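What follows is a single structure, written as structure tokens, with notes after it.
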Amino acid sequence: NWGTMPVPGMWEMNGYGDAEYVNSGFAWRGHFNQKPPQVPVKDNHVGSYRRSFRIPADWAGKQVVARFGSVTSCIYLYVNGQFAGYSEDSKVATEFDITPFVKAGEENLIAFQVFRWCDGSWCEDQDFWRLSGVARDSYLFARDKANYVRDLRINASLDDNYKNGILGLETSFSNPDFNTAFELLDAQGRKVKPTGDIDSSPNTNDYSRVFDNAMFENINHWTAETPYLYTLVLKVYPKIGKKRGVNIYAKEPVEVITQKVGFRKVEIKNAQLLVNGKPVLIKGADRHELDPDGGYVVSRERMIQDIQIMKRLNINAVRTCHYPDDPVWYELCDQYGIYMTAEANQESHGFGYGKDAEAKKPLFAKQILERNQNNIRSHFNHPAIIVWSLGNETVNGPNFEAAYDWIKAEDKSRPCQWEQAHREGRNTDIFCPMYYRPWDCENYCKDDNFQKPLIQCEYNHTMGNSSGGLKEYWEIIRKYPKYQGGYIWDFVDQALHRKPNAKMLTASLDELNYVSNLPYPQLNKIDYTYGGDYNNYDPSDNNFNCNGIIGPDRQLNPHAYEVAYQYQNIWAKAKDNLAETKTIEVYNENFFRDLTGYKLKWELKVDGKQAENGEISDLDVEPQQTKAFAIPFKIPEGFKDSEILLNIFFTLKDDEPLMKAGQTVAYNQLIVRPFADKPLSLPTATASKIKILD
Numbered sequence: 011n012w013g014t015m016p017v018p019g020m021w022e023m024n025g026y027g028d029a030e031y032v033n034s035g036f037a038w039r040g041h042f043n044q045k046p047p048q049v050p051v052k053d054n055h056v057g058s059y060r061r062s063f064r065i066p067a068d069w070a071g072k073q074v075v076a077r078f079g080s081v082t083s084c085i086y087l088y089v090n091g092q093f094a095g096y097s098e099d100s101k102v103a104t105e106f107d108i109t110p111f112v113k114a115g116e117e118n119l120i121a122f123q124v125f126r127w128c129d130g131s132w133c134e135d136q137d138f139w140r141l142s143g144v145a146r147d148s149y150l151f152a153r154d155k156a157n158y159v160r161d162l163r164i165n166a167s168l169d170d171n172y173k174n175g176i177l178g179l180e181t182s183f184s185n186p187d188f189n190t191a192f193e194l195l196d197a198q199g200r201k202v203k204p205t206g207d208i209d210s211s212p213n214t215n216d217y218s219r220v221f222d223n224a225m226f227e228n229i230n231h232w233t234a235e236t237p238y239l240y241t242l243v244l245k246v247y248p249k250i251g252k253k254r255g256v257n258i259y260a261k262e263p264v265e266v267i268t269q270k271v272g273f274r275k276v277e278i279k280n281a282q283l284l285v286n287g288k289p290v291l292i293k294g295a296d297r298h299e300l301d302p303d304g305g306y307v308v309s310r311e312r313m314i315q316d317i318q319i320m321k322r323l324n325i326n327a328v329r330t331c332h333y334p335d336d337p338v339w340y341e342l343c344d345q346y347g348i349y350m351t352a353e354a355n356q357e358s359h360g361f362g363y364g365k366d367a368e369a370k371k372p373l374f375a376k377q378i379l380e381r382n383q384n385n386i387r388s389h390f391n392h393p394a395i396i397v398w399s400l401g402n403e404t405v406n407g408p409n410f411e412a413a414y415d416w417i418k419a420e421d422k423s424r425p426c427q428w429e430q431a432h433r434e435g436r437n438t439d440i441f442c443p444m445y446y447r448p449w450d451c452e453n454y455c456k457d458d459n460f461q462k463p464l465i466q467c468e469y470n471h472t473m474g475n476s477s478g479g480l481k482e483y484w485e486i487i488r489k490y491p492k493y494q495g496g497y498i499w500d501f502v503d504q505a506l507h508r509k510p511n512a513k514m515l516t517a518s519l520d521e522l523n524y525v526s527n528l529p530y531p532q533l534n535k536i537d538y539t540y541g542g543d544y545n546n547y548d549p550s551d552n553n554f555n556c557n558g559i560i561g562p563d564r565q566l567n568p569h570a571y572e573v574a575y576q577y578q579n580i581w582a583k584a585k586d587n588l589a590e591t592k593t594i595e596v597y598n599e600n601f602f603r604d605l606t607g608y609k610l611k612w613e614l615k616v617d618g619k620q621a622e623n624g625e626i627s628d629l630d631v632e633p634q635q636t637k638a639f640a641i642p643f644k645i646p647e648g649f650k651d652s653e654i655l656l657n658i659f660f661t662l663k664d665d666e667p668l669m670k671a672g673q674t675v676a677y678n679q680l681i682v683r684p685f686a687d688k689p690l691s692l693p694t695a696t697a698s699k700i701k702i703l704d
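Residues 11 to 704 (my numbering) make up the sequence shown, in order.
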């Protein structure tokens, strides 16, 4: 009797098993000794799936591929009763060539098994919910069996003057008998022609072709502030014959691929991370891929909502902690403008930091390398990615040095970071500590012996009503050039939505005083659950996964407003004595965008009541520049001892992607006249007698 459940879908969110939350330590902590690569047999649940399907008759003769976007922890695939393949690394897509097993125009049966744990689970010990199932879109597709693109590698950069675009392509094909052509379209769909000839060199050893040094003059640049995207169209023409020693190719392409392209250049110079030559500030957050209703299954709509909130809170960068995300997330960050540190699916926190660590064991060398290779190969073309990360919370060692060396040879266009390499390790281009205290950050900045940019991969742990120290961090960041920001831990509370069920708690009162076999009214009031709410299978690290800037329902937590303020990109301060000069200075902290798209609105408040207001529509302040503006307020008469404040708001003039006209993006409160304590005036009275009663 087969049940049904949605795919994608996580078992625990669909009534099968309990969700488990662990921060440090493996999912079987306390139940199984560390014997890698073995994993427990007990409680290693297996999900078995099957579905009948029919493929079109015109797919006959084509290559048929089954693609699974994300499967935790591993997948054994069968088609029509025949074994088709196995895969692990739960956070990248896997593809199976099932051509030999399917029958076009007939009914077929696809079946697969998903194990809760596999040997790859030793490398997936992240601080998050441990769920199982199929987390992302899974589907079949068909393509020409002989002529198809195996890989397309795009490097869209800028010249040394950060003006003209330089486009490099590397394509890999199924066979050497092909011809290709590409064109570049701007955001309006118009063709953009390169300047001069394009170097094209075939490499028949691996059936690839390289297009290099395509120059495009005065190209629009991609940044998080100005996320301009072009569209690359690549066409593949198969060889159909030969005439007089010259190859003849088909007139119509057998395959057409489109890819969004953003021209930008990432460098490290003078201990600073540069984007298009500018030392950008990383106003970032770490984001786990989690939905309170879907678990690991996160819809496109939820992703857009997350980016909209990031824009509202002035967050301009995200770290994909601690694994590659859904490909849609990268596309949206390209589209809307979010810098990314793209992390590999690699963490083995449970081994600790001693001799047993994965980094030092040959047993794990191949896994660590391949997980980083999967990350780079899957997401290379995204302009939003400005830094690669080798993983999270695993001590440094030879295995990570080898992964770093491979990345630097494979991609010379981006830096790579590794937190455990610390300040002086050779296998990190950025000093990216966790929870470095403000004074430690300042000491690093003062020491000229350290020549790596400082960008914390985690800081300002936002559990509870927190972020009280964010101001101190950003005062130092804005003071020292090589301290360029960090990623707040973390973006959203990792809580799950559980539907009320009076029978959830079972068994009689035990030694832990768990209630049994009776309705438990309080349980019906729970909307969102944390790690400690599921204890049928220990271990649990309780509520340590609820430390977000926003709640699981995407409502702002109190400290979100402090994040938005400290991360804002426009600042106002009084020029000299504001009461006399009536002039403020506006600083544009953006690196690529002026302030012509904003208005300045002001209001004068006397003892908390608005006395006057106005606005300035022409804010012609260039990036990284300051300009003075007169504010024509009048101090009302008769308020000699009153507190007078000038509130400044910067608002959008027009709608922008995910943001509305009139939305406040920054604000400041300036003192015109400070609050003055007034002596209390107490009435005099005759002292009365006090009676003491027993």
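Backbone N, C-alpha and C fix where the C-beta goes; we use that ideal spot for every residue, glycine too.
Quick caveat, the model's predicted, so the values are computed rather than measured.
Query raised in the report: Can the beta-carbon of L555 be found less than 8 Å from the beta-carbon of H471?
Result: Looking at the sequence itself, residue 555 is Asn, so the reference to Leu does not match. No, the pair does not count as a contact, with Cβ atoms beyond the cut-off.
Requested in this report: Using three-state DSSP, classify W428 as helix, strand or coil.
Outcome: coil
Requested in this report: Work out the CA separation of Q198 and L588 for me, nearest whole Å.
Outcome: 47 Å
Query raised in the report: Name the DSSP bridge partner or partners of R329?
Result: D296 and T351
Requested in this report: Give the single residue among S423, I465 and G360 whose Cα lies nearest to the Cα of R447.
Outcome: I465
Report task. Rank E595, I108 and R424 by C-alpha distance to the C-alpha of Y88 and give the top, closest one. Result -> I108
Query raised in the report: Does the distance from the CB of A327 to the CB of Y571 come in under 8 Å?
Result: no
Requested in this report: Please say whether A638 and T593 have beta carbons closer to each other than 8 Å?
Outcome: yes
Query raised in the report: Under 8 Å, do L662 and G624 count as touching if we go by C-beta distance?
Result: no
Requested in this report: Please classify T109: does DSSP put it in a helix, a strand, or coil?
Outcome: coil
**Report entry** Residue interval of the beta strand (DSSP E) (run including L195)
**Finding:** F188 to L195
Requested in this report: For N90, I'd like the list of residues in its chain whose CB is within less than 6 Å of its CB, leaving aside the five on either flank, ordered along the chain.
Outcome: F111, N118 and L119
Query raised in the report: Using CA coordinates, which residue listed in V616, E482 and Y577 is at the minimum distance from E599?
Result: Y577
Query raised in the report: Is the distance from the Cβ of L605 to the Cβ of L629 below 8 Å?
Result: yes
Requested in this report: Output the distance between the C-alpha atoms of V602 and K619, rounded to the nearest integer angstrom.
Outcome: It should be noted that the sequence gives Phe, not Val, for residue 602. Cα to Cα, F602 sits roughly 38 Å from K619.
**Report entry** First through last residue of the beta strand (DSSP E) which encompasses V246
**Finding:** Y240 to K253
Query raised in the report: Thinking just about the alpha-carbon of each residue, which of V616, E227 and S142 is nearest to the one in G648?
Result: V616
Query raised in the report: Is it true that the stretch 64 to 72 meets the stretch 139 to 146, where meeting means three or more beta-carbon pairs spaced less than 8 Å apart?
Result: no
Query - Span separating the alpha-carbon of G175 from that of G362 - result: 46 Å
Query - Where the alpha helix (DSSP H) through W398 begins and ends - result: First-last for W398: I395 to S399, but that is the beta strand (DSSP E), not the alpha helix (DSSP H).
**Report entry** Sequence-distant residues of the same chain with beta carbon closer than 8 Å to G19, five excluded per side
**Finding:** G143, V144, G304 and V307
Query raised in the report: What does I417 pair with, by DSSP beta-bridge criteria?
Result: In the DSSP output, where bridge partners are listed per residue, I417 has none listed.
Query - For I386 and E778, believed in contact at Cβ under 8 Å, the rounded distance - result: One cannot answer for residue 778 here, as it falls past the ends of the chain, which runs 11 to 704.
Query raised in the report: Relative to the alpha-carbon of D301, which residue among P425, D563, G206 and M669 has its alpha-carbon at the smallest distance?
Result: D563
Requested in this report: Count the other C-beta atoms from every protein chain shown that fall within 10 angstroms of the C-beta of R60, then say buried if there are 16 or more, exposed otherwise.
Outcome: exposed
Query - Inter-residue Cα distance where the pair is H332 and I417 - result: 18 Å
**Report entry** Cβ neighbour criterion (16 or more within 10 Å) applied to Y726
**Finding:** Absent from the structure is residue 726, since the part of the chain shown begins at 11 and ends at 704.
Query raised in the report: Leaving out five residues before and five after D665 in sequence, what residues of the same chain have Cβ atoms less than 8 Å from its Cβ?
Result: A671
Report task. Starting from the C-beta of A281, find all residues in its chain whose C-beta is less than 8 Å away, skip the five residues before and the five after it, and write them out in chain order. Result -> F460, Q461, K462, P463, P491 and K492
Query raised in the report: Secondary structure at M225, three-state DSSP: helix, strand or coil?
Result: strand
Query raised in the report: Considering only the beta carbon of each residue, do F188 and N165 sit closer than 8 Å?
Result: no
Report task. Please report how far the alpha carbon of R436 lies from the alpha carbon of I580, in whole angstroms. Result -> 37 Å
Query raised in the report: Using the rule of at least 16 other Cβ atoms within 10 Å of the residue's Cβ for burial, across every protein chain shown, is N391 buried or exposed?
Result: buried
Query raised in the report: Going by Cα to Cα distance, which pick from W38, F106, P46 and W12 is closest to L373?
Result: P46
Report task. Kindly list the residues whose CB is nearer than 6 Å to the CB of S58, restricted to its own chain and excluding five residues on each side of it in sequence; keep chain order. Result -> Q123
**Report entry** Assigned exposure category for N406 - 16 Cβ within 10 Å defines buried
**Finding:** buried
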